[in-house]
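Chains as they are written, first to last, in this note's numbering: chain X, 1446 to 1557; chain G, 22 to 132. Worksheet: one structure, shown below.
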Amino acid sequence: EPEVTQTPSHQVTQMGQEVILRCVPISNHLYFYWYRQILGQKVEFLVSFYNNEISEKSEIFDDQFSVERPDGSNFTLKIRSTKLEDSAMYFCALRKSSYEQYFGPGTRLTVT
Amino acid sequence: EDQVTQSPEALRLQEGESSSLNCSYTVSGLRGLFWYRQDPGKGPEFLFTLYSAGEEKEKERLKATLTKKESFLHITAPKPEDSATYLCAVQASNRDDKIIFGKGTRLHILP
């Protein structure tokens, strides 16, 4: 059984539109992460979120990205004005014990 | 700069033909090295964590080993269901939690 689910599984949007990707953990966790994987490329770190605050972000995570934990359980990634190059798989991950991170099934974002 | 390099990029084996995948890493202080399995269109599935040189972990037909500069994922007598991309990743001890991934090795086991 997966530790975390993500919705939607696939999102198609037009360039310039806002999208919100959601991550729903099975149980309560303090540490969350977003990664992305452009087709055929490496999995890349975007942002880490601890105790309701951003703890680290990459250079990819610019002003068009934001993260929230709106209701204390779900964890969201918002892209304000999507670009063609934002097309990728977006993965939410959580940390259980030690430093191991468990990934969700991903959301495929297609920007047209 | 922290870096992970995996080889080969792709590997085709006959069912039952054992082999090893390589992961070379450069990191400013290793907190942990991770192996994941990724099926097409899916999220990485956690396999192992290795923390120090000399450590070994096993799971079914897979065994992961670690030295100071590289890690190996040994696959013994693989089956077609072992076909997947295997990702190696590291976490630096002087960083927060981010994981740095390699490009992966695409493994295809022929029946």
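For each residue, glycine too, the CB sits at the ideal point set by N, CA and C.
Residues of the segment 1540-1556 of chain X that bring their beta carbon within less than 8 Å of a beta carbon in chain G comprise Arg1540, Ser1543, Tyr1544, Glu1545, Gln1546, Tyr1547, Phe1548, Gly1549, Pro1550, Gly1551, Arg1553, in sequence order. In the three-state reduction of the DSSP assignment, leucine 1554/X falls in the strand class.
Taking 9 Å as the cut-off, the Cβ atoms of cysteine 1537/X and tyrosine 1478/X count as close. Contact annotation: the segment 1540-1555 of chain X does not touch the segment 94-107 of chain G, with fewer than three C-beta pairs closer than 8 Å. Spatial neighbours of valine 1464/X in its own chain (CB-CB distance under 8 Å, excluding positions within 5 residues in sequence) are listed in chain order as Gln1456, Thr1458, Lys1523, Ile1524, Thr1527, Leu1554. Of all alpha-carbon atoms in Ile1499/X, Arg1481/X, Gly1517/X, the one lying nearest the alpha-carbon of isoleucine 1505/X is that of Arg1481/X.
Note that the segment 1511-1520 of chain X does not touch the segment 23-30 of chain G; fewer than 3 beta-carbon pairs, one per stretch, sit closer than 8 Å. Linking lysine 84/G to glycine 1461/X through their CA atoms gives a straight-line distance of about 46 Å. If you ignore the 5 residues before and after serine 114/G, its C-beta comes within less than 6 Å of the C-beta of Gly50, Arg52, all in its own chain and listed in chain order. Glutamate 1489/X is bridged by DSSP to Arg1481/X. Considering only beta carbons, the part of the segment 61-89 of chain G lying closer than 7 Å to chain X consists of Lys63, Gly64, Pro65, Phe67, Thr70, in chain order.
Secondary structure note for tyrosine 72/G: it is in no beta strand (DSSP E), with a DSSP letter that is neither H nor E. Residue pairing from DSSP places proline 1470/X in a beta bridge opposite Val1449/X.
Interface residue (Cβ-Cβ distance to chain X less than 9 Å): phenylalanine 55/G is classified as such.
Listed in chain order, the non-local C-beta contacts of glutamate 66/G below 8 Å within the same chain comprise Tyr57, Arg58, Gln59, Asp60, local neighbours out to five positions each way being set aside.
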